[in-house]
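The structure appears below as structure tokens.
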Amino acid sequence: MSHACPAAGGVIFPSCTRPVKSEAPFFTTAVFKDNITSQNSLRKSAGGFMPYRFRLRRIPFGKVVALSLILVLLSTFLGVGEGARAQEASSLHLPVLLLNGAIYPQSYSSGSLPSSFRVDGYAAEATALYILQCKGPVMETWVADIRRLGGELRGYISYNALVVAMDGAAHARLGELNFLEWSGLLQPYYKISPALQLRLAQGGEARILVEIFSARFLQSTLDALAALPVEVLGAEGDEWCGVIAVSVPVERLKDIAKLPAVEWMELSTSGTQAGFTDAEGLEPGILQGHAATVSGGTQKVALGDSGLGTGGMQGLPPLIRGKVQAVNSLRGDDGRDANGHGTAVAGVLLGISAEGGRSVKASHGLIAYATGYGLSSPPQPLSLYSVLRNAYESGAATYLSGSVPEGKESLGAYGVYASQRDAFAWNNPMVSLVEPAGNEGTDADGDGRVDMGSLLGGATAKNVVSVGGTEGSVGQDEASNPLKYQDLEKVFPGRFQSPPLRDDSSADNPSGMAAFSSRGPTRAGRLKPDLVAPAAHEIGRE
Numbered sequence: 308m309s310h311a312c313p314a315a316g317g318v319i320f321p322s323c324t325r326p327v328k329s330e331a332p333f334f335t336t337a338v339f340k341d342n343i344t345s346q347n348s349l350r351k352s353a354g355g356f357m358p359y360r361f362r363l364r365r366i367p368f369g370k371v372v373a374l375s376l377i378l379v380l381l382s383t384f385l386g387v388g389e390g391a392r393a394q395e396a397s398s399l400h401l402p403v404l405l406l407n408g409a410i411y412p413q414s415y416s417s418g419s420l421p422s423s424f425r426v427d428g429y430a431a432e433a434t435a436l437y438i439l440q441c442k443g444p445v446m447e448t449w450v451a452d453i454r455r456l457g458g459e460l461r462g463y464i465s466y467n468a469l470v471v472a473m474d475g476a477a478h479a480r481l482g483e484l485n486f487l488e489w490s491g492l493l494q495p496y497y498k499i500s501p502a503l504q505l506r507l508a509q510g511g512e513a514r515i516l517v518e519i520f521s522a523r524f525l526q527s528t529l530d531a532l533a534a535l536p537v538e539v540l541g542a543e544g545d546e547w548c549g550v551i552a553v554s555v556p557v558e559r560l561k562d563i564a565k566l567p568a569v570e571w572m573e574l575s576t577s578g579t580q581a582g583f584t585d586a587e588g589l590e591p592g593i594l595q596g597h598a599a600t601v602s603g604g605t606q607k608v609a610l611g612d613s614g615l616g617t618g619g620m621q622g623l624p625p626l627i628r629g630k631v632q633a634v635n636s637l638r639g640d641d642g643r644d645a646n647g648h649g650t651a652v653a654g655v656l657l658g659i660s661a662e663g664g665r666s667v668k669a670s671h672g673l674i675a676y677a678t679g680y681g682l683s684s685p686p687q688p689l690s691l692y693s694v695l696r697n698a699y700e701s702g703a704a705t706y707l708s709g710s711v712p713e714g715k716e717s718l719g720a721y722g723v724y725a726s727q728r729d730a731f732a733w734n735n736p737m738v739s740l741v742e743p744a745g746n747e748g749t750d751a752d753g754d755g756r757v758d759m760g761s762l763l764g765g766a767t768a769k770n771v772v773s774v775g776g777t778e779g780s781v782g783q784d785e786a787s788n789p790l791k792y793q794d795l796e797k798v799f800p801g802r803f804q805s806p807p808l809r810d811d812s813s814a815d816n817p818s819g820m821a822a823f824s825s826r827g828p829t830r831a832g833r834l835k836p837d838l839v840a841p842a843a844h845e846i847g848r849e
């Protein structure tokens, strides 16, 4: 996947390189601030194109602040378990930044890549992915010219580069474009996530997600996989891409990466239920008193989580039955809640206290989606984009993720599903996507300070509101004996064992992040989360 990396103060973060998924797989989904003008120009061009992994969008903040607080509940309460114009460097010798490295066009040779992860070209009738670097900031007329040749744009990559799908006929006409500085194939080597590359040295089998740049090539890719010693675990397509889940011997990853329609490959996980820990599970009592902070007005809200009640509309708990408009299972069952996570989150959204009373008048209706995220591998459904589309078409302008398809193994990484979120939000600007930052904050190196870069995958997307938690403040009756981080050992075992963090109060600094709350930056260097609210004090009170 192609992705562009962000820069701050002129500092480039090459580590965010990756293909058609800037921060996502291939090209990093991070966007350079100095490329925003170029991106806006692209959006105005034919079809309103805007590179997905590199998109930055203003989100109607007012309408999501209250609803976003639910994610603090997920990260804390449920917790208990989780200028103007683009200014490019004047030099013509600008690199193309990918997650797996950087290409310097003037000295680049594909022959320097591992022989098993490179190709010399594809048959003329095959549509494959190419990198086109322009001589300056991308102009909308250039995008139109690329389309005129038959190119299909997939993403922007810094610097001044585009990922474009072309067949042999379109590729043969690139000489007509006088604005091109350099062009080259998106080599198989650049289609593999860094984490998946590490698996190559370990051997054995791996469960992976294969992203196809267009669903129209989904069947032909499945046909090609049928000739390989792999097991296809599932496949889904949508208007943005196709996703195939595969179990494969790692030594055959090269064969999949060489398929022309493959854009990105990453490890598959079962996903994560935000604010849920193996040590404690869910403690609905922590939700008491916080439902009053959640009010969604009159609009519909969609929730993607583990299900509701005992399944179907008939299995809804009595207190929320009148407010839930639909229960849609995407797992092939009746949508019953396997562990109480989705029911507890829905109760908070609808203003139900832990004791069963309604603590706030919640006038919005809830559309629930029972997913397999956090319950099974590969994640169900494979297409998150399709879920978002269904929710939007059902009247929900806000979608809240209680469970996410990304696992804790990929913290801070932009991947397949972050790309889907960004693409959907960009294509549907009236939608607000709210994502939990997570409860993965820790001091793994034992230096007494919280480690950086612990965001759940959904929170790395650029076009979402990601929500984390602060320490809050103690009341007069608790000021004499505030809960310290070492006292949270039962909830977050082994995370805060070194001073000064171990001995620090968990609820005395409203302007500081709670130690257990996930935080950025993303691996591409962007700052996250976008919104925070008191969290630690609520666990302490419980």
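My numbering puts the sequence shown at residues 308 to 849. No residue lacks a Cβ here, since even glycine has one placed at the ideal position from N, Cα and C. Just so you know, these numbers come straight off a predicted model, no measurement behind them.
Enclosing alpha helix (DSSP H) for Lys630 [first to last residue]:
First-last for Lys630: undefined, no H or E at that position.
Spatial neighbours of Asn347 within its chain, please: C-beta separation below 6 Å, excluding the five flanking residues on both sides.
Interpretation of Asn347 is limited by its pLDDT of 36, a score under 50 that renders its predicted location unreliable; the figure taken from the coordinates is listed afterwards. Around Asn347: no qualifying Cβ.
Specify whether the segment 671 to 678 and the segment 610 to 619 touch according to this definition: at least 3 beta carbon pairs, one from each stretch, less than 8 Å apart.
yes
Quick check: the segment 540 to 551 against the segment 472 to 490, are there 3 or more CB pairs under 8 Å?
With the cut-off at 8 Å, the segment 540 to 551 and the segment 472 to 490 do not touch.
Sequence-distant residues of its chain with Cβ nearer than 6 Å to Ser701 (five each side left out)
So the list reads Ile674, once near-sequence residues are dropped.
Tell me the DSSP secondary structure of Leu406 in three-state form.
coil
Whole-angstrom distance between Glu778 and Pro841, CA atom to CA atom:
Each residue's alpha carbon lies about 6 Å from the other.
For a test of the three-state rule: what should DSSP assign to Ala435, helix, strand or coil?
Ala435: strand per DSSP, three-state reduction.
Ranges of the alpha helix (DSSP H) found wholly within the segment 427 to 497, counting only runs of at least 4
447 to 455 and 475 to 478
From Val517 to Ser527, what does the alpha carbon distance come to, in whole angstroms?
Each residue's alpha carbon lies about 13 Å from the other.
Ser465 to Gly418, Cα distance in whole Å?
23 Å
Alpha-carbon to alpha-carbon, Ala435 and Gly765
28 Å
Interface flag, Ser825 vs chain B, CB-CB below 8 Å
The structure shown has no chain B; it contains just one protein chain.
Taking DSSP as the reference, what is the three-state secondary structure of Glu543?
strand
Run through DSSP, which three-state label would Tyr792 get?
helix
Starting from the Cα of Gln440, find the closest Cα among Leu707, Gly462 and Asp794 and give me that residue.
If we check each option's Cα against that of Gln440, Gly462 comes out closest.
Just checking my contact of Ala822 with Leu808 at CB under 8 Å: how many whole Å lie between their CB atoms?
6 Å
Helix, strand or coil for Met759? Go by DSSP, reduced to three states.
coil
Taking its Cβ as the centre, do 16 or more other Cβ atoms sit within 10 Å of Asn734, making it buried, or is it exposed?
buried
Would Gln580 be called buried (16 or more neighbouring beta carbons within 10 Å of its own) or exposed?
buried
Is Ile453 closer than 8 Å to Ala471 when the C-beta atoms are compared?
It should be pointed out that residue 471 corresponds to Val in this sequence rather than to Ala. Closer than 8 Å, so yes.
Pick from Gly753, Tyr706, Ser422 and Met759 that is closest to Gly832, judged by C-alpha positions:
Closest option to Gly832, Cα to Cα, is Met759.
Check whether the Cβ atoms of Leu762 and Thr705 lie closer than 8 Å to each other.
no
May I ask which residues mark the beginning and end of the alpha helix (DSSP H) holding Pro501?
Pro501 to Gln509
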